[in-house]
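*Asks:* Just dropping this structure here.
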Amino acid sequence: MTGYVKSILLLSFSLALLPVLCAENVVKLDARLFVYRTGDFASVHLSGASPLGSGPARLLRYPAAIQFDSESFTLGRMGFEWTHGDVLPPQFTLVPIPPLLLHVSKPVVVDSSVPVQYLERQEDGTLKVREIPSESPESPHIRVTFRRPYSEYIDAFSGITVRCGFDLATVAKRETLPGVSLDVGKPVIATVNQTCDISCQPEAWSAVSLLSPNENGLSLLLLIRVLRVDDRGWLPDRSPGTNLDGLNNPILNNGPANIPAPSSGSRRSK
Amino acid sequence: MDEFEHYLRKRHLAVPSVRLDRRIESTLAAPPAQMQPAASFSSALARWSLGAGMGIAAGVALLLMSPRKAENEEPIVYRIEASSQLRKLLISPRSRTASQPLPFVVRSQNP
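Heads up: the protein sequence lines correspond to chains A and B, in order. Letter 264 of the first sequence, counting from 1, is numbered 299 in the numbering used here, and no numbers are missing. Letter 53 of the second sequence, counting from 1, is numbered 58 in the numbering used here, and no numbers are missing.
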């Protein structure tokens with residue numbers, strides 16, 4: 036009869052665990068993406084950073100800090116701050132990423148592409164203005180893909196894994212036009228792609244730094260944190276309609292406040 | 006002669022026992038079915054139930070760990086209009102003054 040008991044106990048344990056494992060199938064992702072030109076600083080010192088994959092990305096976890104000459108970035112347990120608190124140094128540009136709801140195996144892509152124009156010499160010797168539209172895959176862009184690669188089963192034991200795919204394409208230089216001294220030739224696009232997995236503890240910020248990953252000298256600093264929410268995108272123990280950003284550190288509220296409804300397609304925010 | 010020596014002298018020495026040899030012989034010669042009682046139907050059922058339970062649990066775990074269906078893979082795309090500063094960063098080639106490699110200093114911290 037001990038075999039019966041063991042079987043019943045095992046089945047009961049598996050069935051009792053099912054709702055727990057299936058409960059967390061969506062998380063809220065807060066992300067801040069800062070872009071800067073490394074040439075604006077004489078030196079960059081990272082402390083508390085560890086390599087992330089085989090590419091240029093490095094992961095920063097609490098306690099960590101980056102020193103950009105006289106400017107500093109400090110990653111705390113539940114927040115981060117710059118040299119003067121929430122004041123972003125002028126060398127940095129924030130890419131406004133709205134709060135995202137991240138489902139398992141439902142990637143979310145944040146894309147900021149720009150068109151670029153150039154001159155091209157025609158056969159008759161004249162110059163013609165050409166453009167690489169922003170919709171073209173060859174246009175300069177910053178594209179970050181967020182994905183939860185693992186099911187709730189694994190995430191329940193090892194933190195919430197967020198897979199970040201970085202796709203950066205920038206103008207590294209321009210082709211020279213014979214007889215034209217201006218730097219207006221066809222742009223040569225430098226690209227970098229890296230994907231890395233970040234195991235996030237809920238409500239704690241993690242940072243990923245990409246220092247000059249391509250010839251353009253552009254660097255990225257991505258901050259992410261995940262919050263557990265229910266299927267409707269509401270935080271636990273909160274009444275419907277509660278603004279999710281109410282949990283955020285006030286100094287971090289740079290993006291839109293409302294979480295967009297999770298559905299496929301393309302969205303545009305400004 | 007102390008008490009311990011006296012105790013040892015009183016102990017019987019081990020001697021070969023014919024009766025014990027016969028008993029061991031008969032035990033070893035007996036067929037296995039007679040040595041152990043036949044496995045009862047209930048215990049066999051319990052073992053099979055345990056195996057089935059473990060199989061179900063493993064199946065549930067694999068189901069939870071397996072990636073979702075392909076139709077869920079269509080990404081949600083947010084197109085963010087680049088600010089003028091970001092546009093400049095993306096389009097402008099690296100400045101000539103910053104052509105020197107930047108001296109990065111990285112102090113790694115192993116978890």
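Cβ atoms here follow ideal geometry from the backbone N, Cα and C, with glycine treated the same way. Quick caveat: nothing in here was measured; it's all calculated off a predicted structure.
Which partner residues does A:LYS63 have in the DSSP bridge list?
*Replies:* By one-based count along the first sequence, residue 63 of chain A stands at place 28. For A:LYS63, which the question treats as bridged, DSSP gives the partners A:LEU136 and A:LEU262.
*Asks:* Can you name the residues that DSSP bridges to A:SER169?
*Replies:* Walking along the first sequence from the start, residue 169 of chain A turns up at place 134. Looking at the DSSP assignment, A:SER169 forms no beta bridge with any residue, so it has no partner.
*Asks:* Can A:ALA66 and A:ILE132 be called in contact, C-beta distance under 7 angstroms?
*Replies:* For the purposes of this step, residue 66 of chain A is identified with residue 31 of the first sequence, where counting begins at 1. For the purposes of this step, residue 132 of chain A is identified with residue 97 of the first sequence, where counting begins at 1. In this structure, A:ILE132 lies closer than 7 angstroms to A:ALA66 by Cβ.
*Asks:* Between B:ALA87 and chain A, is any beta-carbon pair separated by less than 7 angstroms?
*Replies:* As a working note, residue 87 of chain B is residue 82 in the second sequence. It does: the Cβ of B:ALA87 has a partner Cβ on chain A nearer than 7 angstroms.
*Asks:* Compute the Euclidean distance between the alpha carbons of A:ASN289 and A:SER82, then round it to the nearest angstrom.
*Replies:* Sequence index remark: in the first sequence, residue 289 of chain A carries index 254 (1-based). Sequence index remark: in the first sequence, residue 82 of chain A carries index 47 (1-based). With a pLDDT of 37 at A:ASN289, under the threshold of 50, the modelled position of this residue cannot be trusted, and the question is left open.
*Asks:* Output the distance between the C-alpha atoms of A:VAL143 and A:PHE181, rounded to the nearest integer angstrom.
*Replies:* Within the first sequence, the letter at position 108 stands for residue 143 of chain A. Within the first sequence, the letter at position 146 stands for residue 181 of chain A. When rounded, the distance between both Cα atoms is 5 angstroms.
*Asks:* Under 8 angstroms Cβ-Cβ, which residues of chain B neighbour A:VAL197?
*Replies:* Counting from one through the first sequence, the residue named residue 197 of chain A turns up at place 162. Chain B residues near A:VAL197: none, gap ~14 angstroms exceeds 8 angstroms.
*Asks:* Do you know offhand how far A:VAL151's Cα is from A:ASP121's?
*Replies:* Position 116 of the first sequence holds residue 151 of chain A. Position 86 of the first sequence holds residue 121 of chain A. Taking the straight line joining both Cα atoms gives about 33 angstroms.
*Asks:* Assign B:ALA35 to one of three DSSP states: helix, strand, or coil.
*Replies:* As a first step, residue 35 of chain B is located in the second sequence; it is residue number 30 there, counting from the start. Here B:ALA35 sits in coil by DSSP.
*Asks:* Using DSSP with H/G/I as helix, E/B as strand and the rest coil, what is A:THR73?
*Replies:* For the purposes of this step, residue 73 of chain A is taken as residue 38 along the first sequence, with counting starting at 1. Residue state, collapsed to three classes: helix.
*Asks:* What does DSSP give as the partner residues of A:GLN229 in its beta bridges?
*Replies:* Position 194 of the first sequence, counted from the first residue, corresponds to residue 229 of chain A. In the DSSP output, where bridge partners are listed per residue, A:GLN229 has A:PHE201.
*Asks:* Among A:ASN60, A:PHE69, A:VAL62 and A:ALA92, which has the Cα closest to the Cα of A:GLY200?
*Replies:* The residue labelled residue 200 of chain A in the question sits at position 165 within the first sequence. Checking every option, the nearest Cα to that of A:GLY200 belongs to A:ALA92.
*Asks:* Compare the C-beta of A:GLY175 with all C-beta atoms of chain B and state if any pair is closer than 7 angstroms.
*Replies:* By 1-based counting over the first sequence, the position of residue 175 of chain A is 140. It is Pro, not Gly, that sits at residue 175 of chain A in the sequence shown. A:PRO175 counts as touching chain B.
*Asks:* Provide the residue span of the beta strand (DSSP E) that contains A:GLU106, from first to last.
*Replies:* The sequence position of residue 106 of chain A within the first sequence is 71, counting from 1. Residues 106-110.
*Asks:* Where A:ILE224 and A:ALA99 are concerned, what is the direct C-alpha to C-alpha distance, given to the nearest angstrom?
*Replies:* Against the first sequence, residue 224 of chain A aligns to sequence position 189. Against the first sequence, residue 99 of chain A aligns to sequence position 64. Taking the straight line joining both Cα atoms gives about 33 angstroms.
*Asks:* Tell me where the alpha helix (DSSP H) around B:HIS11 begins and ends.
*Replies:* Counted from its first residue, the second sequence places residue 11 of chain B at position 6. Where B:HIS11 is concerned, the enclosing alpha helix (DSSP H) stretches over 8-15.
*Asks:* What's the gap between the Cα of A:ASN60 and the Cα of A:VAL139?
*Replies:* As a first step, residue 60 of chain A must be located in the first sequence, where it is residue number 25. As a first step, residue 139 of chain A must be located in the first sequence, where it is residue number 104. Approximately 6 angstroms between the Cα atoms of the pair.
*Asks:* Shorter than 7 angstroms from the beta carbon of A:GLY276 to some beta carbon of chain B?
*Replies:* Position 241 of the first sequence, counting from 1, holds the residue named residue 276 of chain A. Since pLDDT at A:GLY276 reaches only 41, below the 50 mark, its modelled position is unreliable, and the value read off the structure follows with that caveat. Chain B contact via Cβ: absent.
*Asks:* Taking CB distances under 7 angstroms as the criterion, tell me whether B:LEU4 reaches chain A.
*Replies:* No statement about residue 4 of chain B is possible, as the shown extent of chain B runs from 6 to 116 and does not include it.
*Asks:* Name the two residues that bound the continuous alpha helix (DSSP H) containing B:SER89.
*Replies:* As a first step, residue 89 of chain B must be located in the second sequence, where it is residue number 84. B:SER89 -> alpha helix (DSSP H) spans 89-96.
*Asks:* Compare the C-beta of A:LEU253 with all C-beta atoms of chain B and state if any pair is closer than 7 angstroms.
*Replies:* Your numbering for residue 253 of chain A matches position 218 in the first sequence. Judged by the 7 angstroms Cβ criterion, A:LEU253 is in contact with chain B.
*Asks:* Just to confirm, are A:PRO248 and A:VAL227 a CB contact at a threshold of 7 angstroms?
*Replies:* Counting from one through the first sequence, the residue named residue 248 of chain A turns up at place 213. Counting from one through the first sequence, the residue named residue 227 of chain A turns up at place 192. Yes. Within cutoff.
*Asks:* Taking buried to mean at least 16 other C-beta atoms within 10 Å of its own C-beta, is B:TRP53 buried or exposed?
*Replies:* Position 48 of the second sequence holds residue 53 of chain B. Per the 10 Å Cβ criterion, exposed.
*Asks:* Tell me whether B:VAL65 sits in a helix, a strand or coil according to DSSP, three-state version.
*Replies:* Translated into the one-based positions of the second sequence, residue 65 of chain B becomes position 60. Looking at B:VAL65 - three-state DSSP - the assignment turns out to be helix.
*Asks:* By the three-class DSSP mapping on this structure, what secondary structure does B:GLU78 have?
*Replies:* Within the second sequence, numbered from 1, the residue matching residue 78 of chain B stands at position 73. Helix.
*Asks:* For A:LEU44, which of helix, strand or coil comes out of DSSP?
*Replies:* For the purposes of this step, residue 44 of chain A is taken as the residue at position 9 of the first sequence. A:LEU44 falls in the helix class under three-state DSSP.
*Asks:* Using a Cβ-Cβ cutoff of less than 6 angstroms, which residues in the same chain neighbour A:THR332 once the five nearest sequence positions on both sides are dropped?
*Replies:* This structure does not reach residue 332 of chain A, given that chain A is present from 36 up to 305, and the question cannot be answered.
*Asks:* Report all residues from its chain with a CB closer than 6 angstroms to the CB of A:SER148; omit the five preceding and five following residues, and keep chain order.
*Replies:* The count along the first sequence starts at 1 and reaches residue 148 of chain A at position 113. For A:SER148, where only same-chain residues beyond five positions count, the Cβ hits under 6 angstroms are SER169, SER174 and HIS176.
*Asks:* Out of curiosity, what's the CA-to-CA distance linking A:GLN236 and A:LEU255?
*Replies:* Taking the first sequence and counting its residues from 1, one reaches residue 236 of chain A at position 201. Taking the first sequence and counting its residues from 1, one reaches residue 255 of chain A at position 220. Going from the Cα of A:GLN236 to the Cα of A:LEU255 covers about 22 angstroms.
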